[in-house]
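> Below you'll find the structure I mean.
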Amino acid sequence: MHELSIAHEIYRTCRAVVAAHGGGTLAAVRVAVGELTAVEPDLLVFAWEAVVAEGKDHQARLEVEWRQARQFCPACGADKRQAEASWLPLCPDCGGPLQVAGGDDLDILSVEILGPEEES
Amino acid sequence: MTTVDVRQRILAENEAAARTLRDGFAAAGTLVVNLISSPGSGKTSLLEATVRHLGGRVTVGAVEGDIATERDADRLRALGVPAVQILTGGACHLDARQVARATGEAAFPRLDILFIENVGNLICPTSYDLGEDFKVAVLSVTEGDDKPFKYPAIFSRAEVTVISKVDLLPHVRFDLDAVRSQLRTLRPAGTVLLTSAHTGEGIEAWCAYLQQRLTDKRRGTP
Numbered sequence: 001m002h003e004l005s006i007a008h009e010i011y012r013t014c015r016a017v018v019a020a021h022g023g024g025t026l027a028a029v030r031v032a033v034g035e036l037t038a039v040e041p042d043l044l045v046f047a048w049e050a051v052v053a054e055g056k057d058h059q060a061r062l063e064v065e066w067r068q069a070r071q072f073c074p075a076c077g078a079d080k081r082q083a084e085a086s087w088l089p090l091c092p093d094c095g096g097p098l099q100v101a102g103g104d105d106l107d108i109l110s111v112e113i114l115g116p117e118e119e120s
Numbered sequence: 121m122t123t124v125d126v127r128q129r130i131l132a133e134n135e136a137a138a139r140t141l142r143d144g145f146a147a148a149g150t151l152v153v154n155l156i157s158s159p160g161s162g163k164t165s166l167l168e169a170t171v172r173h174l175g176g177r178v179t180v181g182a183v184e185g186d187i188a189t190e191r192d193a194d195r196l197r198a199l200g201v202p203a204v205q206i207l208t209g210g211a212c213h214l215d216a217r218q219v220a221r222a223t224g225e226a227a228f229p230r231l232d233i234l235f236i237e238n239v240g241n242l243i244c245p246t247s248y249d250l251g252e253d254f255k256v257a258v259l260s261v262t263e264g265d266d267k268p269f270k271y272p273a274i275f276s277r278a279e280v281t282v283i284s285k286v287d288l289l290p291h292v293r294f295d296l297d298a299v300r301s302q303l304r305t306l307r308p309a310g311t312v313l314l315t316s317a318h319t320g321e322g323i324e325a326w327c328a329y330l331q332q333r334l335t336d337k338r339r340g341t342p
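Structural data, given as structure tokens:
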């Protein structure tokens with residue numbers, strides 16, 4: 001349920017970005033969420049809708065780019081794909097232990113703003 | 121419509137607060153340990169056993185995160201440990217700003233080790249840097265041996281996994297080798313320690329690990 005705190009943080013940052021660009025309405029936000037951040041994309045979107053529901057940005061969309069962690073096989077020297085929602089302890093090809101890297105993204109990538117003159 | 125490239129960490133504000141805390145702890149020479157686990161894995165019991173084992177040789181303080189009650193802080197105060205309780209009022213994790221406020225109000229004496237006992241939860245606390253030197257995941261043997269892969273985020277971020285309540289191993293189905301193998305995948309260089317706060321097993325090795333990390337920190341070795 002910390003998705004609600006995270007949605008609040010995203011909104012505060014986005015509002016500051018809108019203000020820094022001459023004001024207007026927030027139309028969309030694009031964020032990156034890594035698999036190892038313990039943030040659930042669907043819950044984040046749900047929390048986002050609750051955060052923006054009452055204000056002028058109530059139509060702002062949150063788009064989540066999901067970033068998988070990499071499971072790297074040092075023996076093969078290559079990334080190995082993991083099965084959906086599964087953590088493989090061993091390389092599917094050589095059977096060696098895999099190393100996990102990345103998946104810690106939690107970033108605001110971009111925002112789309114409707115300028116004051118575009119607002120209806 | 122204007123599209124603005126932002127490229128900013130969502131938790132930038134928390135991360136800035138964590139950096140400030142980390143700088144302060146570095147200047148004070150205090151080792152800071154962020155303990156994360158499910159409710160009931162025995163974090164507070166581990167701390168009680170730790171304090172008893174260290175005796176007065178190491179000055180220890182604690183920040184206790186809970187949704188409600190001062191119980192954990194009271195348990196440590198009973199052992200003479202300065203402890204401050206953060207009540208999150210429903211929130212599932214601690215953030216760096218709460219820790220900064222709490223340590224400011226607590227006015228701790230000069231500490232060798234500060235333990236931050238996070239809210240019992242294997243998920244949410246993972247995302248929040250509290251300015252700690254390292255995270256410790258505590259996994260009790262009664263929770264089941266499938267947990268590292270089910271909660272890969274915390275077990276990949278924790279430098280140490282403490283497997284607690286090992287005195288119960290003869291009574292539960294808990295495959296230690298399976299857990300070790302999962303932990304090796306998620307954190308190849310991580311440390312796994314087996315403890316029982318009840319019998320005292322493994323407490324010495326855990327305390328030795330802490331003291332080594334404290335010595336390394338003060339020497340400036342990473």
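Chain order of the listed sequences is A and B.
Those letters in the first sequence? Residues 1 to 120, per this note's numbering, in order.
Those letters in the second sequence? Residues 121 to 342, per this note's numbering, in order.
Note that beta-carbon positions come from the ideal geometry of N, C-alpha and C, so glycine has one too.
#1: Between H58 (chain A) and the rest of its own chain, which residues show a CB-CB distance below 8 Å, the 5 nearest in sequence each way excluded?
#2: Just the chain A side, please: which residues come within less than 8 Å of D125 (chain B) by C-beta, in chain order?
#3: Using the beta-carbon count (16 or more within 10 Å), is Q332 (chain B) buried or exposed?
#4: Examine chain A for any beta-carbon lying closer than 7 Å to the beta-carbon of R129 (chain B), and answer yes or no.
#5: Considering only the beta carbon of each residue, do E237 (chain B) and F254 (chain B) sit closer than 7 Å?
#6: What's the C-alpha gap between D232 (chain B) and K337 (chain B)?
#7: For the beta strand (DSSP E) containing Q99 (chain A), list its first residue and its last residue.
#8: Taking the Cβ atom as the reference point for each residue, do T346 (chain B) and D287 (chain B) lie within a distance shorter than 7 Å?
#9: Would you tell me roughly how many angstroms separate the C-alpha atoms of T179 (chain B) and D194 (chain B), rounded to the nearest one?
#10: Would you say A273 (chain B) faces chain A, with C-beta separation under 7 Å as the test?
#11: Could you tell me whether any Cβ in chain B is nearer than 7 Å to the Cβ of A123 (chain A)?
#12: Determine the direct distance from the alpha carbon of D42 (chain A) to that of A147 (chain B), and round the result to whole angstroms.
#13: DSSP state of G224 (chain B), grouped into three classes?
#14: So is T123 (chain B) buried or exposed if we call it buried at 16+ other beta carbons inside 10 Å?
#15: Going by DSSP in three states, F46 (chain A) sits in which element: helix, strand or coil?
#16: Spell out the partners DSSP gives R61 (chain A) in its beta bridges.
#17: Any residues in the segment 229-253 of chain B with a beta carbon nearer than 9 Å to a beta carbon of chain A? Which ones, in chain order?
#18: Could you list which residues in chain B have their beta carbon closer than 9 Å to that of G115 (chain A), in chain order?
#19: Compute the Euclidean distance between the alpha carbons of A16 (chain A) and T140 (chain B), then round it to the nearest angstrom.
#20: For P245 (chain B), count neighbouring Cβ atoms within 10 angstroms of its own Cβ and tell me buried if that reaches 16, exposed if not.
#21: Should L98 (chain A) be listed as close to the ligand ATP, given that the test is whether its C-beta is under 6 Å from any heavy atom?
#22: CB L166 (chain B) to CB A182 (chain B), shorter than 7 Å?
#23: If the cut-off is 7 Å on Cβ atoms, which residues from the segment 145-170 of chain B count as contacting chain A, listed in chain order?
#24: Look at the alpha carbon of G24 (chain A) and the alpha carbon of I113 (chain A), and state the distance between them as a whole number of angstroms.
Quick look at the numbers:
#1: The residue given as residue 58 (chain A) occupies position 58 in the first sequence. So the qualifying residues of the chain are V52.
#2: Position 5 of the second sequence, counting from 1, holds the residue named residue 125 (chain B). Residues of chain A passing the Cβ test: L109 and S110.
#3: Counted from its first residue, the second sequence places residue 332 (chain B) at position 212. Burial call: exposed.
#4: Translated into the one-based positions of the second sequence, residue 129 (chain B) becomes position 9. So yes, R129 (chain B) belongs to the interface.
#5: Walking along the second sequence from the start, residue 237 (chain B) turns up at place 117. Walking along the second sequence from the start, residue 254 (chain B) turns up at place 134. Contact flag unset, no.
#6: For the purposes of this step, residue 232 (chain B) is taken as the residue at position 112 of the second sequence. For the purposes of this step, residue 337 (chain B) is taken as the residue at position 217 of the second sequence. Spanning the two alpha carbons is a distance of roughly 10 Å.
#7: Residue 99 (chain A) sits at position 99 when you count from the first residue of the first sequence. Q99 to A101 is the span of the beta strand (DSSP E), which, as asked, contains Q99 (chain A).
#8: Residue 346 (chain B) lies beyond the stretch modelled for chain B, which goes from 121 to 342, so this question has no answer here.
#9: Translated into the one-based positions of the second sequence, residue 179 (chain B) becomes position 59. Translated into the one-based positions of the second sequence, residue 194 (chain B) becomes position 74. Cα-Cα distance, rounded: 17 Å.
#10: As a first step, residue 273 (chain B) is located in the second sequence; it is residue number 153 there, counting from the start. Interface residue, yes.
#11: Nothing about residue 123 (chain A) can be reported from this structure: the residues present for chain A run from 1 to 120 only.
#12: Here the question's residue 147 (chain B) lines up with position 27 in the second sequence. Here the question's residue 42 (chain A) lines up with position 42 in the first sequence. Cα to Cα, A147 (chain B) sits roughly 41 Å from D42 (chain A).
#13: Position 104 of the second sequence, counted from the start, is the residue given in the question as residue 224 (chain B). Here G224 (chain B) sits in helix by DSSP.
#14: Counting from 1 along the second sequence, the entry for residue 123 (chain B) is found at position 3. It is exposed - the Cβ of T123 (chain B) has fewer than 16 other Cβ atoms within 10 Å.
#15: If you number the first sequence from 1, residue 46 (chain A) lands on position 46. Note: F46 (chain A) maps to helix in three-state DSSP.
#16: As a first step, residue 61 (chain A) is located in the first sequence; it is residue number 61 there, counting from the start. According to DSSP, R61 (chain A) bridges with A:A28.
#17: N241, L242, I243, C244, P245, T246, S247 and Y248
#18: Mapped onto the first sequence, residue 115 (chain A) falls at position 115. The answer, in chain order, is M121 and T122.
#19: Within the first sequence, residue 16 (chain A) is the residue found at index 16, counting from 1. Within the second sequence, residue 140 (chain B) is the residue found at index 20, counting from 1. For A16 (chain A) and T140 (chain B), the distance between alpha carbons rounds to 22 Å.
#20: Your numbering for residue 245 (chain B) matches position 125 in the second sequence. Under this definition P245 (chain B) is a buried residue.
#21: This structure lacks the ligand ATP, and indeed carries no ligand of any kind.
#22: The sequence position of residue 166 (chain B) within the second sequence is 46, counting from 1. The sequence position of residue 182 (chain B) within the second sequence is 62, counting from 1. No. Outside cutoff.
#23: none
#24: Taking the first sequence and counting its residues from 1, one reaches residue 24 (chain A) at position 24. Taking the first sequence and counting its residues from 1, one reaches residue 113 (chain A) at position 113. If I take the Cα positions, the gap works out to 7 Å.
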